[in-house]
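Protein chains: 2
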Amino acid sequence: MSEILADIGEFGLIQRIQELLQEIGVHTPGVTLEIGDDAASFKPRPGYELLITCDCLIEGRHYLPRHIAPMDVGRRAMAVNISDIGAMGGHPLCALVSLGLKSETLVVDVENMYRGFAEELNPFGASIIGGNFTKSENTVFIDITLIGEVRKKNIMLRSAAQAGDAILVTGYPGQAAAGLKLLQNAKANENLRAHPLVQAYNVPTHRAREGQAIARSSKANAMIDTSDGFLADLGHICQESNVGALLIQEKFPISDELKKAAVQLGMDPCQLFLQESDDYELIITCSPEYVSFVRSAVEAVSKTPITEVGKITAAVKEIQLNLPDGTKHQISPLGWDHFKLKGGENV
Amino acid sequence: MSEILADIGEFGLIQRIQELLQEIGVHTPGVTLEIGDDAASFKPRPGYELLITCDCLIEGRHYLPRHIAPMDVGRRAMAVNISDIGAMGGHPLCALVSLGLKSETLVVDVENMYRGFAEELNPFGASIIGGNFTKSENTVFIDITLIGEVRKKNIMLRSAAQAGDAILVTGYPGQAAAGLKLLQNAKANENLRAHPLVQAYNVPTHRAREGQAIARSSKANAMIDTSDGFLADLGHICQESNVGALLIQEKFPISDELKKAAVQLGMDPCQLFLQESDDYELIITCSPEYVSFVRSAVEAVSKTPITEVGKITAAVKEIQLNLPDGTKHQISPLGWDHFKLKGGENV
Chain A
0 MSEILADIGE FGLIQRIQEL LQEIGVHTPG VTLEIGDDAA SFKPRPGYEL LITCDCLIEG
60 RHYLPRHIAP MDVGRRAMAV NISDIGAMGG HPLCALVSLG LKSETLVVDV ENMYRGFAEE
120 LNPFGASIIG GNFTKSENTV FIDITLIGEV RKKNIMLRSA AQAGDAILVT GYPGQAAAGL
180 KLLQNAKANE NLRAHPLVQA YNVPTHRARE GQAIARSSKA NAMIDTSDGF LADLGHICQE
240 SNVGALLIQE KFPISDELKK AAVQLGMDPC QLFLQESDDY ELIITCSPEY VSFVRSAVEA
300 VSKTPITEVG KITAAVKEIQ LNLPDGTKHQ ISPLGWDHFK LKGGENV
Chain B
0 MSEILADIGE FGLIQRIQEL LQEIGVHTPG VTLEIGDDAA SFKPRPGYEL LITCDCLIEG
60 RHYLPRHIAP MDVGRRAMAV NISDIGAMGG HPLCALVSLG LKSETLVVDV ENMYRGFAEE
120 LNPFGASIIG GNFTKSENTV FIDITLIGEV RKKNIMLRSA AQAGDAILVT GYPGQAAAGL
180 KLLQNAKANE NLRAHPLVQA YNVPTHRARE GQAIARSSKA NAMIDTSDGF LADLGHICQE
240 SNVGALLIQE KFPISDELKK AAVQLGMDPC QLFLQESDDY ELIITCSPEY VSFVRSAVEA
300 VSKTPITEVG KITAAVKEIQ LNLPDGTKHQ ISPLGWDHFK LKGGENV
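Sequence lines, in order, name chains A and B. The first sequence: position 149 = 148 (numbering that gives the first Met the number 0), numbered continuously. The second sequence: position 121 = 120 (numbering that gives the first Met the number 0), numbered continuously.
Quick look at the structure:
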């Protein structure tokens with residue numbers, strides 16, 4: 000019979016995870032005390048600032064357990080945090096993982112979740128140094144705090160965009176939104192895990208290496224990840240930088256997969272590109288003369304496409320969308336908002 | 000009508016909390032970026048190591064919403080984290096707060112929770128620099144990551160106890176367990192919030208100042224907080240230090256309030272002292288010749304009583320309890336274990 004958490008208890012689980020991380024994890028230089036005391040400790044490198052972020056996934060809300068393997072839940076939870084560190088130009092160092100789990104959760108599922116965490120952290124030489132297990136009978140959640148480092152001169156903010164900047168975006172935002180829609184429309188026994196858009200939703204590809212390369216190039220002004228959706232996060236840049244934006248719809252990078260899925264879903268692919276979507280791409284703004292430098296910086300570390308989709312304007316907090324037919328529309332940067340009522344319905 | 004989260008949304012809540020913290024919070028030196036970007040940033044002080052801990056409270060499991068004000072929920076959640084930093088000899092610096100909230104949660108309740116966080120952090124010059132809000136319809140939770148600093152030579156570990164050490168404990172462990180029992184036995188409309196043992200449960204008094212003073216004295220060997228209960232945490236010291244312990248029951252500090260409640264509850268006060276209890280006191284071990292130095296170090300910063308309750312032995316991982324009638328018992332360091340089945344029942 001498969002072991003459940005009630006069989007081994009909290010302290011038993013801590014020991015199992017410690018042993019697993021010894022086996023599959025890495026040792027991050029500077030970490031002086033890992034799991035096993037009241038707190039973990041580490042010695043920061045001189046000359047660096049520390050970046051700290053936290054992000055939480057709730058089962059059924061941020062992932063659909065029927066459609067994702069436990070290891071991919073782990074990868075997803077860690078990738079969204081790595082994305083935040085990368086969007087600041089930083090390098091991930093160490094993580095604390097706080098889990099709310101049920102008594103009947105399988106031990107092997109928790110172990111596989113940690114394999115997913117390690118798969119995302121190991122390439123950075125980053126490790127899990129602490130955390131917490133709590134019994135949560137109604138809601139499984141994964142709350143991760145990730146610490147990274149960055150040289151002060153390289154920190155990338157959302158508040159530093161300049162009127163006239165080009166707006167660049169990595170990858171293909173909107174794919175995760177389409178993947179989620181496909182899952183929500185799936186038939187009872189349909190297995191869509193291998194569908195590329197479902198994979199884009201389940202295990203989003205953070206752009207931390209690209210973010211670090213852009214930061215080191217010193218050629219970009221503002222950067223943010225698209226965790227709230229392209230439009231909402233461009234809106235954050237406009238809000239914090241006191242600028243506006245002009246978007247050229249025909250320049251939007253829409254993957255063939257997304258075009259195909261949009262037809263199937265009866266949706267506008269450009270709408271999927273703009274709206275809330277769990278892609279973790281980067282929006283970058285830079286002076287038009289530096290666009291090719293930013294491209295080269297990214298090309299040196301990755302094959303991720305970068306597309307210029309518009310420019311930053313002086314029209315404070317206004318976002319204008321130019322359609323292929325020549326019409327211009329003011330659009331509102333509404334993004335993913337967990338609590339807000341929209342049309343009378345909780346989203 | 001009172002505002003709920005669905006009225007103002009996630010971004011509205013972020014703005015409200017930012018404004019509130021501007022008003023009631025402090026600015027921690029070294030923090031270079033607070034709430035409002037993909038990550039927060041700070042510049043660590045040269046010569047210090049960083050301590051990181053996280054602890055999570057779940058409504059109904061770690062606090063009973065009917066019996067506690069939202070501000071005290073905030074104090075409780077922050078105090079248990081401050082306790083972990085203090086038990087390492089460290090000073091709290093900055094916190095990330097991750098909340099799982101319902102759409103119908105009152106905005107004022109969340110604001111009062113933050114007032115509670117600030118009440119605990121402000122005396123240390125520590126502040127909230129980031130976090131996350133997630134909609135969680137079934138379970139409200141508060142997950143906090145707290146970062147502190149300590150000079151390397153002052154780090155206090157649970158793994159450094161020596162055979163022959165005196166075992167000291169601060170305050171009156173067991174009071175929180177009794178307070179919780181009183182709440183669990185309360186009648187439908189009974190309000191016990193002002194009962195001192197209920198207060199001990201609702202808003203435990205961390206011993207961070209005492210922990211720092213003990214660490215600076217350089218006279219103690221091992222230290223841990225009693226978050227799992229006195230016996231379980233003494234067990235952690237024995238396990239990690241490869242030692243045993245001898246406890247003298249008649250020396251246990253039992254407050255008059257606890258004696259009275261034990262009679263009312265039909266329980267043994269010494270059992271309440273030993274078992275799982277949400278007190279956040281410190282267990283300290285030190286060479287017998289340094290007991291008075293440790294006492295003096297604590298007296299210089301606090302009126303918290305310190306009691307010598309036994310000694311560390313070479314009998315690896317064995318804990319012996321000597322009763323007033325001269326009998327000796329081997330006891331097992333079982334503590335608070337969220338998942339483990341005990342007598343067939345989930346606790």
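The beta-carbon is built from N, C-alpha and C at its ideal position, and this holds for glycine as well. Here the structure is a predicted model, which means the values were calculated and not measured.
With 16 or more neighbouring CB atoms inside 10 Å of its own CB, residue 134 of chain A falls in the buried class.
In terms of beta-carbon proximity, residue 40 of chain B lines the interface with chain A, with at least one pair separated by less than 8 Å. Excluding its 5 nearest sequence neighbours in each direction, residue 306 of chain B has C-beta neighbours in its own chain below 6 Å: 168 and 252, listed in chain order. In its chain, beyond the 5 residues on either side, 27, 30, 39, 41, 125, 126, 127, 128, 145 and 146 have a beta carbon closer than 8 Å to the beta carbon of residue 93 of chain A. Within the stretch 262–278 of chain B, no residue has a Cβ lying closer than 8 Å to any Cβ of chain A. Annotation note: the stretch 271–322 of chain A contains the following uninterrupted beta strand (DSSP E) runs of length 3 or greater, listed N- to C-terminal: 281–285, 305–312 and 318–321.
Nearest CB-CB separation between residue 243 of chain A and chain B: not below the 8 Å threshold. With respect to the 8 Å criterion, residue 214 of chain A and residue 46 of chain A are not classified as neighbours on the basis of their beta carbons.
Its chain contains 43, 44, 47, 48, 49, 50, 89, 90 and 92 as the residues whose beta carbon lies nearer than 8 Å to that of residue 148 of chain A, once the 5 sequence neighbours on both sides are disregarded; these appear in chain order. For a Cβ distance threshold of 7 Å, nothing in chain A lies close to residue 70 of chain B: the least Cβ distance comes to about 21 Å. If one requires a minimum length of 4 residues, the alpha helix (DSSP H) runs lying completely within the stretch 125–185 of chain B are 174–183, in chain order. Look at the beta carbons and you see the stretch 149–166 of chain A touching the stretch 210–230 of chain A: at least three pairs across the two are nearer than 8 Å. Boundaries of the beta strand (DSSP E) around residue 221 of chain B: 219–224.
Out of B:114, B:105, B:188 and B:83, the CA that lies nearest to the CA of residue 5 of chain B is found in B:105. Of all C-beta pairs linking the stretch 297–311 of chain B to the stretch 184–200 of chain B, fewer than three are shorter than 8 Å, placing the two stretches out of contact. Per DSSP, residue 41 of chain A is one residue of the beta strand (DSSP E) stretching across 39–41.
With contact defined as three or more Cβ pairs closer than 8 Å, the stretch 294–301 of chain A and the stretch 239–251 of chain A are not in contact. In the structure shown, residue 91 of chain A adopts extended strand secondary structure according to DSSP, grouped into three states. Contacts with chain B (Cβ-Cβ distance below 8 Å) from the stretch 19–35 of chain A involve 31, 32 and 35, listed in chain order. Nearest CB-CB separation between residue 87 of chain A and chain B: below the 8 Å threshold.
Distance from the CA of residue 63 of chain A to the CA of residue 315 of chain B, rounded to the nearest whole angstrom, comes to 47 Å. Sixteen is the threshold: when 16 or more other Cβ atoms of the shown chains lie within 10 Å of the Cβ of residue 274 of chain B, as they do, the residue is buried.
In this structure, B:180 is the residue among B:8, B:97 and B:180 with its C-alpha nearest to the C-alpha of residue 262 of chain B.
Closest in C-alpha terms to residue 194 of chain B, from the list B:330, B:271, B:25 and B:67, comes B:67. Close to chain A, meaning a Cβ-Cβ distance shorter than 9 Å, are the following residues of the stretch 122–140 of chain B: 128, 129, 130, 131, 132, 133, 134, 135, 136, 137, 138 and 140. Listed along the chain, the chain A residues whose CB falls inside 9 Å of the CB of residue 284 of chain B amount to none; the nearest CB is some 14 Å away.
The beta carbon of residue 75 of chain B sits closer than 7 Å to those of 56, 62, 201, 202 and 203, all from its chain and outside the five residues before and after it, given in chain order.
Contact check for residue 97 of chain A and residue 83 of chain B: beta-carbon distance about 13 Å, past the 8 Å limit, so the pair fails to qualify. Setting aside the 5 residues that flank it on each side, residue 222 of chain B is surrounded in the same chain by 86, 87, 88, 155, 156, 157, 210, 213, 214, 281, 282, 283 and 284, each with a C-beta closer than 8 Å to its C-beta; the list follows chain order. Chain-ordered listing is empty here: chain B has no CB closer than 8 Å to the CB of residue 237 of chain A, the nearest sitting near 14 Å. Shortest Cα-Cα distance from residue 258 of chain B to any of B:196, B:14, B:150 and B:15 involves B:196.
The beta carbon of residue 48 of chain B sits closer than 8 Å to some beta carbon of chain A. The Cβ of residue 60 of chain B sits closer than 8 Å to at least one Cβ of chain A. Bounds of the beta strand (DSSP E) holding residue 48 of chain A are 47–57. Residue 235 of chain A has its alpha-carbon roughly 25 Å from the corresponding atom of residue 254 of chain A.
Annotation: Cβ neighbours of residue 45 of chain A in chain B (cutoff 8 Å, chain order): 45.
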